[in-house]
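Written as structure tokens, this is what we have:
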């Protein structure tokens, strides 16, 4: 197995685990935003402004669609986010 | 003919702009819901149900049925494009569907899935229309022993699912069966392997397992920092299935339709296995079975058709007898009753407008979905132009979202991740993961059916032989097993004999 | 000048905040069962009405698992500010009888809000059964103890426990065949594979009307309006057993009294509307309402009754 491949895979698994752990504590939007940001900017080294834009867009957009429009509740942290 | 008159009545209702509009909304909603992994038609229908209270019954039912079909169509989209099963029934489409995508044939895969679903949906509605009462009567004869026999037949399907070593396949199936048995035992109330985690009391759940094993493991295998995955730049011509592909799909579609319909009619949740059975059948009778798993269009056409016709089949016990054969028909039943409609044979006589309007709207729904999905093929395929390095991050987030929202449970997400890791290693070691999922689906149902049968007979195993339908099916299973053992070809393949 | 305006703005904002009454943001009701089940549909029906009356959505959060324990635990842990509620049913009480330990205290962890609806249970038998009345059924079973079967929706469910209660009261012995869901169970009784079962009246309704099921008795004080020809147990000369499936709304313990009272009156008004009454009636449910104390009383009775049944029948659950 190619070592750099395995490292990326391991990092992804760790990130997924961290996101799952954080999901109900930090709320959906924050967790997904950070998760996407880390994957895009740190792992895949995409330009930071683009990563922030895409991550924020997806996190907020999906939350709006699923939670507000479809009324399928998504986790919200204690502080309201 | 009377049926034509009735159909005319039905269509006159179904084709009014209002009914069409609601059918469209239902189908659209259903497609969206189906595309989200985990969230399924059950959630979609429950969400829309209160909204329908003020509407007239025909419209309400048409819209809700549209959600159900739409979800089946939508589920195949994510299966083909991202190898993420939208729900358990779409698992088999992931295998060859995604393989086709990797070969640049995503457009044709999507198109054939849509066309197959359309044909299956339409033909099975015809079946529903013509055969509902007699089939329903036969369906009632299926008690636990018959159910157990049917599921045993389903187990046999495992033998045909895998192309590699049979030993590996059996191992996967065993693991799947064991995983499927986790949970509180229905008959005695004892918790098995739940480790005091309350979320496991109802079992591990097929959706997290399928999403993890297929979707997440795929990403783990393909994510590379070198951005090496070929970026797809499909041309318009690539969106349309080739003549070869169309010809190859024709028979599988018809066979899938038949299989799905027959299995769907049986009350109970057996209709999930219709796509597995169709895949196994196509592989068995194909002249080049080694193509399966690498982009054989039959592996998409068959299962997709089976899925859709099982959906119609599941409506037969509902409409003809008022018996729901699963969770989704149960909600539809509740919806019908809330709107004052009591399904059953008298429905045809007392409210022919509703019965035939519903049937006509099922045709209409299928057409609407075809029209919705075919042009969207271009849109979906162009999604593939996004460099994988961006795409997979969002796919992972989508998996998180989908698996979590099914049961509002992080335990489900952990399970998905766990199976993702497992799937990663399994695929690296060249194990085929489909038998595992089938095991998880079959185990609880089969065990329960067997134990119910024994409870009914007071512990007497001969109940399986004494009842005609069960006995026949089991005899078939035994015959197939013996045939295979005697068949030279199989023995060589398995390694019991030298070539 | 600007400072004054700033002060004014802060003051205005502050006073608006002070004036927000309940509810000022979406309310979540936890339904501890999957979407599409009877309790879920009931919660969503209420939700639609709340939404229309308050202008603020009532969002249903399905948290199924462990016969409702997972959802209950989650609701218990939520803030007691009236923005999280719990919808629950008879299994709330039966779970207490079955579980060795629960993550919540059924009496103390929750504040009763309103008893929403009840449903009647009935005893049905297969069309192939020789018994045509409840008396014949009892005699039939007494001649064949331990031979005939009955279906239920699973070990420890209300249907299972009620049948055990019936067995104890009538002195009969039937073998339990559990199923995973109501659909499978009732289908098999209709198909003659199993002899009898206890089921809600409305679930059996369509099949009884087609003569695919025979309803022998209803387990309530009065006959069901939908099936006026079916006697109650008492009328048939047997011990008066009344078991109902009930659905109720709870809130985490400590939710302020005015909020509970407001919710209770809203539920009452919703249940009084014709549209909701009709929808409920068609599902075989009777709207109830009443004060939170009425619900508290019911909970007390139920929590006392089921452990006795379970102990006597020797039912276990882990």
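Residue numbers (my numbering), protein chains in the order written: chain A, 132 to 212; chain B, 26 to 524; chain C, 913 to 1230.
Yeah, the Cβ is synthetic: ideal placement off N, Cα and C, and Gly gets one too.
Being a predicted model, the structure only gives us computed values, none of them experimental.
- Task: Could you tell me how far apart the beta carbons of residue 983 of chain C and residue 1168 of chain C are, in whole angstroms, since I believe they sit closer than 8 Å?
- Result: By 1-based counting over the third chain, the position of residue 983 of chain C is 71. By 1-based counting over the third chain, the position of residue 1168 of chain C is 256. Wrong, their Cβ atoms sit about 22 Å apart, outside the cutoff.
- Give me the Cα-Cα distance between residue 1112 of chain C and residue 355 of chain B, rounded to the nearest whole angstrom. Residue numbering aside, residue 1112 of chain C sits at position 200 when the third chain is read from its first letter. Residue numbering aside, residue 355 of chain B sits at position 330 when the second chain is read from its first letter. Going from the Cα of residue 1112 of chain C to the Cα of residue 355 of chain B covers about 14 Å.
- If we cut at 8 Å on Cβ distances, does residue 442 of chain B have a partner in chain A? Position 417 of the second chain holds residue 442 of chain B. Chain A, which has a Cβ nearer than 8 Å to the Cβ of residue 442 of chain B, makes this yes.
- Task: Locate the beta strand (DSSP E) running through residue 1161 of chain C, then write down its first and last residues.
- Result: In the third chain, the residue the question calls residue 1161 of chain C occupies position 249. Start and end: 1156-1164.
- Query: Three-state secondary structure (DSSP) at residue 484 of chain B?
  - Reply: Against the second chain, residue 484 of chain B aligns to sequence position 459. Residue state, collapsed to three classes: coil.
- Under 8 Å between C-beta atoms, does residue 976 of chain C make it to chain A? Here residue 976 of chain C refers to the residue found at position 64 of the third chain. No, residue 976 of chain C lies away from the interface with chain A (no Cβ there is under 8 Å from its Cβ).
- Task: Measure the alpha-carbon distance for residue 505 of chain B versus residue 498 of chain B and round it to whole angstroms.
- Result: For the purposes of this step, residue 505 of chain B is taken as the residue at position 480 of the second chain. For the purposes of this step, residue 498 of chain B is taken as the residue at position 473 of the second chain. When only Cα atoms are considered, residue 505 of chain B and residue 498 of chain B end up about 11 Å apart.
- Query: What does a CB cutoff of less than 8 Å around residue 420 of chain B pick up in its chain, not counting 5 residues either side in sequence?
  - Reply: The count along the second chain starts at 1 and reaches residue 420 of chain B at position 395. Within the same chain, residue 420 of chain B has close Cβ partners 107, 109, 240, 244.
- Residues in the stretch 187-206 of chain A having any Cβ partner in chain C nearer than 7 Å: 202, 204
- Sufficient close CB pairs (3 or more, under 8 Å) joining the stretch 347-365 of chain B to the stretch 78-91 of chain B: yes
- Task: Evaluate residue 1040 of chain C with the Cβ neighbour count: other Cβ atoms within 10 Å of its Cβ, from every protein chain shown; 16 or more gives buried, anything less gives exposed.
- Result: As a position in the third chain, residue 1040 of chain C is number 128, starting the count at 1. Flag for residue 1040 of chain C reads exposed.
- Report, in whole angstroms, the separation of the C-beta atoms of residue 372 of chain B and residue 344 of chain B, which I expect to be a contact under 8 Å. Sequence index remark: in the second chain, residue 372 of chain B carries index 347 (1-based). Sequence index remark: in the second chain, residue 344 of chain B carries index 319 (1-based). So it is a contact: roughly 7 Å between Cβ atoms.
- Item | Supposed close pair residue 1068 of chain C, residue 1227 of chain C - CB separation, criterion 8 Å | Within the third chain, residue 1068 of chain C is the residue found at index 156, counting from 1. Within the third chain, residue 1227 of chain C is the residue found at index 315, counting from 1. With 8 Å as the limit, residue 1068 of chain C and residue 1227 of chain C qualify as a contact, their Cβ atoms being about 6 Å apart.
- Near-chain E residues of the stretch 427-455 of chain B (beta-carbon distance less than 8 Å), N- to C-terminal order: Chain labels in this structure do not include chain E; the protein chains are A, B and C.
- Task: Go through its chain and collect everything with a Cβ distance to residue 292 of chain B's Cβ below 7 Å, but skip five positions before and after it.
- Result: The residue given as residue 292 of chain B occupies position 267 in the second chain. Contacts found: 164, 167, 342, 348, 350.
- For chain A, is any of its Cβ atoms less than 8 Å away from the one on residue 49 of chain B? Numbered from its first residue, the second chain carries residue 49 of chain B at position 24. Closer than 8 Å: no.
- Task: Excluding the 5 residues preceding and the 5 following residue 317 of chain B in the sequence, name in chain order all residues of the same chain whose CB lies nearer than 6 Å to its CB.
- Result: One-based indexing of the second chain puts residue 317 of chain B at position 292. Excluding positions up to five away in sequence, the list reads 308, 324.
- residue 197 of chain B - DSSP class collapsed to helix/strand/coil: Taking the second chain and counting its residues from 1, the one referred to as residue 197 of chain B is at position 172. Here residue 197 of chain B sits in helix by DSSP.
- Which residues DSSP lists as bridging residue 1062 of chain C, in chain order: Locating residue 1062 of chain C in the third chain gives position 150, where the first residue counts as 1. Residue pairing from DSSP places residue 1062 of chain C in a beta bridge opposite C:1088, C:1108.
- What's the call for residue 1019 of chain C, buried or exposed, on a 16-neighbour Cβ count within 10 Å? Position 107 of the third chain, counted from the start, is the residue given in the question as residue 1019 of chain C. Classification of residue 1019 of chain C: exposed, given that the 10 Å Cβ count is below 16.
- Hey, is residue 144 of chain A's beta-carbon within less than 8 Å of any beta-carbon in chain B? Here residue 144 of chain A refers to the residue found at position 13 of the first chain. It does: the Cβ of residue 144 of chain A has a partner Cβ on chain B nearer than 8 Å.
- Message: With a threshold of 6 Å on Cβ separation, who are the neighbours of residue 1214 of chain C within its own chain once the five nearest residues in sequence on each side are excluded?
- Response: Locating residue 1214 of chain C in the third chain gives position 302, counting from the first residue. For residue 1214 of chain C, where only same-chain residues beyond five positions count, the Cβ hits under 6 Å are 1005.
- Query: Exposed or buried, what is residue 131 of chain B when buried is set at 16 or more other beta-carbons lying within 10 Å of its beta-carbon?
  - Reply: Translated into positions along the second chain, residue 131 of chain B becomes position 106. The residue in question, residue 131 of chain B, is buried, as its Cβ has 16 or more Cβ neighbours within 10 Å.
- Task: State the beta-bridge partners of residue 1031 of chain C as determined by DSSP.
- Result: Here residue 1031 of chain C corresponds to residue number 119 of the third chain, with the count starting at 1. Partner(s): C:1157, C:1197.
- Report yes or no: is there a C-beta of chain B within less than 8 Å of the C-beta of residue 1017 of chain C? As a first step, residue 1017 of chain C is located in the third chain; it is residue number 105 there, counting from the start. With 8 Å as the cut-off, residue 1017 of chain C does not count as an interface residue toward chain B.
- Query: DSSP state of residue 1221 of chain C, grouped into three classes?
  - Reply: Locating residue 1221 of chain C in the third chain gives position 309, counting from the first residue. Residue 1221 of chain C falls in the helix class under three-state DSSP.
- Interface flag, residue 78 of chain B vs chain A, CB-CB below 8 Å: Here residue 78 of chain B refers to the residue found at position 53 of the second chain. Cβ-Cβ to chain A under 8 Å: no for residue 78 of chain B.
- Query: Of the residues B:270, B:138, B:206, B:216, which one's Cα is nearest the Cα of residue 401 of chain B?
  - Reply: Residue numbering aside, residue 401 of chain B sits at position 376 when the second chain is read from its first letter. Comparing Cα positions, the closest option is B:138.
- Which same chain residues, not among the five before or five after residue 1046 of chain C, have their C-beta less than 8 Å away from its C-beta? Stepping through the third chain from its first residue, residue 1046 of chain C is reached at position 134. So the qualifying residues of the chain are 1035, 1128, 1129, 1143, 1145, 1148, 1150.
- CB contact flag (residue 169 of chain B, residue 1100 of chain C, <8 Å): The residue labelled residue 169 of chain B in the question sits at position 144 within the second chain. The residue labelled residue 1100 of chain C in the question sits at position 188 within the third chain. Yes.
- Got a sec: is the Cβ-Cβ distance from residue 1119 of chain C to anything in chain B below 8 Å? If you number the third chain from 1, residue 1119 of chain C lands on position 207. Closer than 8 Å: yes.
- Considering only residues of the same chain and omitting the five flanking positions on each side of residue 79 of chain B, which have a CB-CB separation below 7 Å? The count along the second chain starts at 1 and reaches residue 79 of chain B at position 54. Within the same chain, residue 79 of chain B has no close Cβ partners at all.
- Query: What is the DSSP secondary structure of residue 926 of chain C, counted as helix, strand or coil?
  - Reply: One-based indexing of the third chain puts residue 926 of chain C at position 14. Any reading at residue 926 of chain C needs caution, since the residue's pLDDT is 45, under 50, leaving its predicted position unreliable; the model's value is listed next. The three-state secondary structure of residue 926 of chain C, taken from DSSP, is helix.
- Query: Are the C-beta atoms of residue 170 of chain A and some chain B residue less than 8 Å apart?
  - Reply: For the purposes of this step, residue 170 of chain A is identified with residue 39 of the first chain, where counting begins at 1. It does: the Cβ of residue 170 of chain A has a partner Cβ on chain B nearer than 8 Å.
- Query: Rounded to a whole number of angstroms, what is the C-alpha to C-alpha distance between residue 206 of chain A and residue 1126 of chain C?
  - Reply: Position 75 of the first chain holds residue 206 of chain A. Position 214 of the third chain holds residue 1126 of chain C. In a straight line, the C-alpha of residue 206 of chain A is about 47 Å away from that of residue 1126 of chain C.
- Kindly indicate the opening and closing residues of the beta strand (DSSP E) around residue 941 of chain C. Walking along the third chain from the start, residue 941 of chain C turns up at place 29. Where residue 941 of chain C is concerned, the enclosing beta strand (DSSP E) stretches over 939-943.
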